[in-house]
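For reference, the structure is listed below as structure tokens.
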Amino acid sequence: MLPSRFDYVAAHSIEEALAAKAQGDEDTRFLAGGQSLLPMMKLRLAVPSKLIDINRIDGLGGVERRNGHLRIGAAARHADVAASDAAFGAVAAAAPWISDPLVRNLGTLCGSVAHCDPEGDWNSVLLATGADVVARGPGGERSIPIAEFVQDMFANSLASDEMVTEVRVPVPSGRSGGSYVKLERKIGDYATVAVAGHLELGDDGRIAAAGLALTSVAPINLKVAEAEALLVGNQPGPELFAEAAELAAAAADPRDDVRGTARWKRQVVRTFTGRALAAAADQALKG
Amino acid sequence: MTAHTTTPPEIGGIGHSLKRVEDARLIEGQGNFLDDISLPGMLYMALVRSPVAHARINGIDIEAAMAVDGVLAVVTGELMAAHNLAWMPTLSGDTQAVLATDKVRYQGQEVAAVIATDPYIAADGAELVDVDYDVLPAVVTPQQSLDPDTVVIRDEKEGQTDNLAYEWECGDDAATAEAFARADRVVSIQTHYPRSHPAPLETCGIVADVNPVTGQATIYMTSQAPHAHRTLFAMVAGLPEQNIRIISPDIGGGFGNKVPIYPGYVVATAASLVIGKPVKWVETRTGNLISTGFGRDYHMSGELALTDEGRILGLRVDVLSDQGAFYSDAQPSRYRAGLFHVVTGSYDFPAAHITCRGAFTNKAPGGVAYRCSFRITEASYLIERLVQTAAYELGIDPADLRFRNFIQPEQFPYETPTGFVYDSGDYPTALRKALDAVGYEQLREEQAEARAQGRLIGIGIAHFTEAVGAGPAHTYDIAGLKMIDSAELRVHPTGKAILKLGVKTQGQGHETTFAQIVAEQLGIPAYDIKVEHGDTDHTPYGLGTYASRSTPVGGAATAVVARKLADKARHIAAHLLEAAVEDIEMAAGKLHVKGSPDQAVTIQDVALAAYTNLPEGMEYGLEDVTYYNPPNLTFPYGSYIVVVEVDPDTGVWKVERMVALDDCGVRINPMIVEGQIHGGLTEGFAMSSMQWITFDEDGNCIGSNFMDYLVPTAWETPRFELLETVVPSPHHPIGAKGVGESATVGSPAAYVNAVVDALAHLGVRNIDMPVLPDRVWEAIDSAAS
Amino acid sequence: MEVTVNVNGTDHTADVEPRKLLVDHIRTVVGLTGTHIGCDTTSCGVCTVLLDGAPVKSCTVLAVQADGRSVTTVEGLKSGGELHPVQTAFSDEHGLQCGFCTPAMMLVGAALLEQNPDPSDEEIRWAISGNLCRCTGYMNIVKSIRAAAEAKATAAAGADS
């Protein structure tokens, strides 16, 4: 299983990368960590004509707090996120569970986000935390809310001449907590079911903001807006979370497959939503 | 661990946990695996495989592939047919397509081969071979296959009018019917032991180097059985056997996968013969998983006849085996279902009857003994699941029911109702020891308390008996070749030695343990003995390493040949010491006159004398060869206990304890024995929890790569606690029984029994492997409603 | 394109096709065959090398991406003629059987000990969870990496005193 031929360009600046993309045909792809792209190329499921390697661009890495948000650069590895003190809540909870330790050393959060695989973990985390994806194109930079960025299975809303430069996760000002509860068959497997939870508490102890998103149980990473609406304004607690879990289970649209029956996956969504919200609330209360 | 040893550590005979000789090269990356072999002018082969499960081939267009710069040849079935090599015999007397000519019969079947100057170019060429298929309906279950209205898969086979591959039975039908007639209770179970794959981390491969001038074929090949392969190559390809040299280099795991001869080997060899250059072919992982020897895939129905007191009276089993498109089980030719008749297990009862049918389906052929002695894993699983079920139905503790039915120590040698003669054992002691180690009685109390709190804890037991070390020549052969094995031992003048084996390691540590067997007999330090294996020009004949037969057969040959040399050494010592040979005693490398320990020579002195100073009339040298024909199989056994906790909300289960007691007779190197058991317990865990190959309704393989065919990592794998008893085999020269497969055979039932035990109070009796969380949760949910 | 990769301390310059995987480059161009190939899907980890010190799957890196970077393979574990403590420990504790996954396991173990000189069994299992082994059941691999940690600690204590 070996890739077919392609051209290769190592870009040294964002401008150089964008220029190379503009010159390339529609099968020109950016190469960041390569941990999704190269396996597909080896299976010849992806046959790019040209790869633009963005790993040599200065300043594209980094995981840090900046202007009230957590900035994760396009060349930041999953392992960088996992090791970062700046990461918090659902982001910190999910990072160690991305694929396996070796893949985490190369694969990037931004690459995974742009890939829009509904079995990928990060887009659920970003949906729950209300993150933005920052893209650069010939016309400059724009910030795209994650809910708009994720278009469909393996489809994002980038223009063909744009590249992702970073992801920004808002850092809550008050008490907050987040979680990512994932069922995988083994390390390195995609999620069978996973739930990202995010809660912010007001001074009165009520939930001021809530995020809940599901992995692998719908054609895209699924934001459960009904549950989020239910949670906001209420005191956190098991009964509330059980109600939210029912809404999440109802919103999920899983399929029967080799990982398990749809009926059971819905049950796991129910169970894990309860656990994810409880863990998030616990973290928020501990402050 | 304590081990019985008779030699000091510096000699390192039996019972010493010697560090392995083979490690020195492997820890420095200096192993020589198949893909590491590179010959001048070598070409690379890539296979074109069928994307569909069943189709007629209308034509193959190779033009685009041939146009790729660097592609030298595209081999099709038509070309192979011109050399009479489009089909080849299987190890079970069927035929198998080398490259498809008429139809493809499973997804992944070999259709064409591209030979190129570089592996990347070979892959480019393979992508461009254009095959025109007429897709036919796929037959994906054996039940569907045997329906009279189903299309005949093997329509090329003369006289084949249905999809039945074979029928086989054993035991006594009438006696079994009588046992069931007088039973108080009949307990039954239907279960599918799913298709699994050995999946060694190194895939299969070959470098075929046929010299166009001399006709010498040097074939480097991932082979667990190089000698048998040489003979089969000679018979299939019509090459003179003296011109074929098979070299099986370091093998990156075998587990039964590297026993058969695969189409890729044949095509690469033919290509080298025709082109006159070495040709390398290394399987892709997908190629390995979708086309080479799978294991299991048995649909089994079992019934036990019992008294109310829990005495087993009889066993009835019916098996439907999914063979795939060709019947190519690697097994003794006399037994169509391998050694499945070990299904009577560890229990003493008078009657059993087993029927078995094999069905062709549109799936890959195989039926190899995946870390198992020929279908023993399936048999052991069935009886241990049945006994567990009987315990629940009779309201008797599962351990207690086993104690009530065990073959007792004094009953050995014990003849089973299916015709095996078990050599030795003490089953009650083994189970008792394992129960004590896990704290069984207390665990049962904890289980009851946990249930009261809504927690689900399960305790699973399996007490298995294996039949390994095939086998006696009167009964066991593969493709007509008797299942004997050999050892050749040569002691050099300086007292160092070389031992040459018919068997071949794939990680079991033969280079260390077989030297220890010699060290035990001759007192030559084990590290002074080089072990050679895998090169058919340099080693004596043997049937190879699988079915746990290396120690029972090859190990016995090694002990016997060493004893032959010990006898000669005594004669030489008598000459050197001017004593009568009857008065020479030998221990730990010293030969002395009885009663006079100072009147002694060393084995090294004797070795030098063998080339320099011999008694009148004795032939020079100190070397011999033995071909060992074992008088019986050996019967290792064990008691395994697994404790699990099940999450009632998701069905996810976790192993809390895994206690494994093994009795494999005498342990040559206890460290290596334990390593073998760890590995087998892990594969048993894999099969019971996640590792399987399945197919969709069109015959597409699900499990065609390591993203779908799940091999557990260190994170999922349980921790193991090992125990032992030692009841030697009475007929093996050193009392050893073989151990490489015990844990794979015995453990799946223990894991499954544990999960079922956690749910038994809800009325759950069976969950098929792999015991996926959705199956567990559905079982809980349907029991509740 | 021309690529220079530092492998085990030595620069290797070669003209490399962009599609060439790093693992193939190491095995066939640099000529070190201790790095193995076991799957097509970035799953098994037997191709593990250290790329600038971090373990990665060399089947999922292009050789051109390694230009100007340093790679450590199993052949580079030994230093000054001395085996690395993980190598000794794998042999002492029977951490290998067929040896096919062993170079990768040792490299991951060595990298772990650089980050965490005293890992628990759990931490070791976590660190090697991107690498498959079919023979050992991981028990003795974990034991080997533990033993290597202890050997390194003992050696360090000896050097300090």
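Protein chains in written order, with this note's numbering: chain D, 356 to 642; chain X, 1442 to 2226; chain V, 53 to 213. Every residue gets a Cβ at the ideal spot worked out from N, C-alpha and C, and that includes glycine. If you're wondering where the values come from, they're calculated on a predicted model, not measured in any experiment.
Cα-Cα separation between residue i and residue j, rounded to whole angstroms
i: R621/D; j: A607/D; result: 7 Å
i: V2227/X; j: V101/V; result: Absent from the structure is residue 2227/X, since the part of chain X shown begins at 1442 and ends at 2226.
i: G2121/X; j: S2183/X; result: 7 Å
i: Q1631/X; j: H1740/X; result: 8 Å
i: N1652/X; j: L1680/X; result: 12 Å
i: P1492/X; j: L1577/X; result: 13 Å
i: T206/V; j: D170/V; result: 12 Å
i: T1672/X; j: Y1661/X; result: 15 Å
i: G83/V; j: Y1982/X; result: 35 Å
i: T1443/X; j: T1954/X; result: Legend: pLDDT at T1443/X = 45, less than 50; position of this residue unreliable, value from coordinates given subsequently. Computed Cα separation, rounded: 18 Å.
i: D104/V; j: A203/V; result: 24 Å
i: V59/V; j: F2147/X; result: 29 Å
i: G557/D; j: A636/D; result: 12 Å
i: I1688/X; j: H1668/X; result: 9 Å
i: G444/D; j: L386/D; result: 28 Å
Run of the alpha helix (DSSP H) containing residue i, from where it starts to where it stops
i: H470/D; result: L464 to H470
i: E1504/X; result: E1504 to M1507
i: E1834/X; result: I1817 to L1835
i: E1973/X; result: Per DSSP, E1973/X belongs to no alpha helix (DSSP H); it is in the beta strand (DSSP E), I1970 to H1974.
i: A2000/X; result: A1997 to L2018
Assigned secondary structure, residue i (DSSP; H/G/I helix, E/B strand, else coil)
i: D63/V; result: strand
i: F1674/X; result: helix
i: G128/V; result: helix
i: T1443/X; result: For T1443/X, the predicted model reports a pLDDT of 45, less than 50, meaning its position is unreliable and no value from the coordinates is stated.
i: T1727/X; result: helix
i: Y2068/X; result: strand
i: F1861/X; result: coil
i: I2128/X; result: As written in the sequence, residue 2128/X is Met, which differs from the Ile given in the question. Looking at M2128/X - three-state DSSP - the assignment turns out to be helix.
i: R610/D; result: coil
i: W2218/X; result: helix
i: K1598/X; result: coil
i: K641/D; result: helix
i: M53/V; result: coil
i: D1614/X; result: helix
i: N2207/X; result: coil
i: W1609/X; result: strand
i: D1738/X; result: strand
i: D1477/X; result: helix
i: T628/D; result: helix
i: T1659/X; result: strand
i: K1804/X; result: coil
i: I1604/X; result: In the sequence under discussion, the amino acid at residue 1604/X is Asn, which differs from the Ile named in the question. In the structure shown, N1604/X sits in coil (DSSP, three-state: anything other than H, G, I, E or B).
i: V2084/X; result: strand
i: K1941/X; result: strand
Residue i, enclosing beta strand (DSSP E) - first and last residue
i: Q1537/X; result: T1536 to A1538
i: W2094/X; result: W2094 to D2104
i: P1635/X; result: R1626 to S1637
i: F1801/X; result: A1792 to F1801
i: Q2040/X; result: S2037 to T2043
i: M518/D; result: M518 to P525
Cβ-Cβ separation, residue j to residue i (assumed contact under 8 Å), whole Å
i: G1950/X; j: I2113/X; result: 5 Å
i: R1777/X; j: G1799/X; result: 7 Å
i: V1944/X; j: G1985/X; result: 6 Å
Where are the alpha helix (DSSP H) runs, 4 residues long or more, that stay fully inside the stretch 425 to 495 of chain D, in chain order? 433 to 438, 444 to 449, 456 to 459, 464 to 470 and 477 to 484
Where are the alpha helix (DSSP H) runs, 4 residues long or more, that stay fully inside the stretch 1571 to 1598 of chain X, in chain order? 1583 to 1586
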